[in-house]
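The sequence shown runs contiguously to residue 348 in the numbering used here. The beta-carbon is built from N, C-alpha and C at its ideal position, and this holds for glycine as well. Note that the structure is predicted; figures quoted are calculated from it, not measured. Structure, as structure tokens:
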Amino acid sequence: MRAQYFTPKIFKVFSAIIFTILLALFCPNPLPFAVAKSATPSSNTVVESNLVNKSNTDLCIQTPRALKKIIIDPGHGGKDPGCKGKLFAEKDINLQVALKLGEVIRQNFPQVEVIYTRDIDIFVPLWQRSLMANKYGADIFISIHCNSHPKSKSVRGSEVYIMSENIGATSFTEQIENEVIKLEENYQNKYSFDPAEPLDPATRAILGEIFKADNMDQNTNLASLISNKLCVLPNLPCRGVKQGNFWVLYKTGIPSVLVEIGYLSNATEELYLGSEEGQNEIANAMFDALLLFY
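Right, dumping it as structure tokens:
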């Protein structure tokens, strides 16, 4: 089933009532209307959407029964721009794709609660992002990022990461995403160790056992489904599922993935990631994966 994407615009309250009535008339089991919200302060606005790229005329779509609450994490934000291309900053693209993913979930499954770690341009510490998963009792945690290559501008494509069993190994991508920790005050004490520095063997072994036993199979399954759907996109090469030490996934306690949707260091891919079309396609692909996961 191809996901439907909705382009948001401000709506009046009666539109929510009309939507609920339509569900009651056409769906065997009417679903309660729910408004996506953010875990961070913002001017949350109820939105409606006009259906575009419609490939399914059915009003009712099979609901993922087990999915009740999802946390969508737009990486970086505020004083932390993430990586930068010539035209776009990572934090802005992450936010736009996250909001689009949340919107398509909310419009298709209004009973599923969507929580954003941020829905505006603000700085949110890594530890706070991951702890939201436990605080709000979410079922899934998806962190959205853009990648960059330090040497080659030809490298491009999506990558989906799960927390590594080999705690302590580092790559350039991990270093970029974890570098934000140094912007946090007193970060060594908050993490009980310094995540920006190599771990000692004892700490690495302890953390490795924790992540090996905790949601590894579900993480791998979710990451594979998202990667497979992103691989279908004609303008986005696929680089597969990988493991990495991303501290935003630390202590989430639920199925969690970090999605690198493409490389801003590649000029062609930067234009795609910054475009409305590209962001819609990526959000739809991740939504399709969630349908299969449940």
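Check each candidate in the options and name the one with the smallest Cα separation from residue i.
i: Glu330; options: Ala152, Gly136, Ile126 and Leu121; result: Ala152
i: Tyr317; options: Val166, Val302, Ser208 and Leu149; result: Ser208
i: Ile196; options: Thr274, Gly139, Asp175 and Phe163; result: Thr274
i: Ile124; options: Asn299, Glu335 and Arg160; result: Arg160
i: Gln297; options: Ile126, Asp146 and Val214; result: Val214
i: Leu141; options: Val302, Leu327 and Ala192; result: Leu327
i: Glu323; options: Gln150, Met217 and Leu290; result: Leu290
i: Tyr190; options: Gly307, Gly129, Gln333 and Leu279; result: Gly307
i: Ala187; options: Leu303, Leu346 and Asn334; result: Leu303
i: Phe300; options: Lys205, Ile216, Gln272 and Met340; result: Ile216
i: Leu344; options: Pro288, His130, Gln272 and Ala321; result: Gln272
i: Ser218; options: Gly332, Leu312, Ala120 and Leu325; result: Leu312
i: Gln182; options: Tyr348, Asp127, Pro204 and His203; result: Asp127
i: Leu155; options: Gly294, Leu279 and Ile336; result: Ile336
i: Gly131; options: Ala120, Asn320 and Pro179; result: Pro179
i: Tyr348; options: Pro309, Gln333 and Pro204; result: Pro309
i: Asn338; options: Asp146, Asn162 and Ala120; result: Asn162
i: Met340; options: Ala321, Ser206 and Ile280; result: Ile280
i: Leu325; options: Arg210, Gly294, Asp342 and Ile174; result: Arg210
i: Ser206; options: Ala321, Asp342 and Phe177; result: Ala321
i: Asn269; options: Phe177, Asp342, Lys305 and Pro288; result: Lys305
i: Asp342; options: Leu276, Asp173 and Ile176; result: Leu276
Just curious, the beta strand (DSSP E) that residue i is in, first and last residue?
i: Ile147; result: Careful: Ile147 lies outside any beta strand (DSSP E), inside the alpha helix (DSSP H) at Glu144 to Asn162.
i: Tyr317; result: Ser310 to Tyr317
i: Tyr326; result: First-last for Tyr326: Ala321 to Gly328, but that is the alpha helix (DSSP H), not the beta strand (DSSP E).
i: Asn126; result: Looking at the sequence provided, one finds Ile at residue 126 rather than Asn. Segment Lys123 to Pro128, the beta strand (DSSP E) holding Ile126.
i: Ser278; result: Run containing Ser278: none in the beta strand (DSSP E); it sits in the alpha helix (DSSP H), Met270 to Cys285.
i: Phe195; result: Ile194 to Asn201
i: Val168; result: Glu167 to Tyr170
I think residue i touches residue j, with their Cβ atoms under 8 Å apart; what is that distance to the nearest whole Å?
i: Glu314; j: Asn148; result: 10 Å between Cβ atoms; not a contact.
i: His199; j: Glu157; result: Wrong, their Cβ atoms sit about 19 Å apart, outside the cutoff.
i: Ser212; j: Cys292; result: 6 Å
i: Asp193; j: Lys122; result: 6 Å
i: Gly136; j: Gly129; result: 6 Å
i: Ser278; j: His203; result: Not really, about 24 Å apart at Cβ, beyond 8 Å.
i: Gln165; j: Gln333; result: Between Gln333 and Gln165 the Cβ distance is about 25 Å, and since that is not below 8 Å, they are no contact.
Tell me where the alpha helix (DSSP H) around residue i begins and ends.
i: Arg183; result: Leu180 to Lys189
Have a look at the DSSP bridge pairing and note the partners of residue i.
i: Val214; result: Val295 and Val313
i: Asp175; result: The partner list for Asp175 (beta bridge, DSSP) is empty, contrary to what the question assumes.
i: Gly131; result: Asp134
Check whether the region 278-296 touches the region 160-171, taking contact to mean three or more Cβ pairs, one atom from each stretch, closer than 8 Å. no
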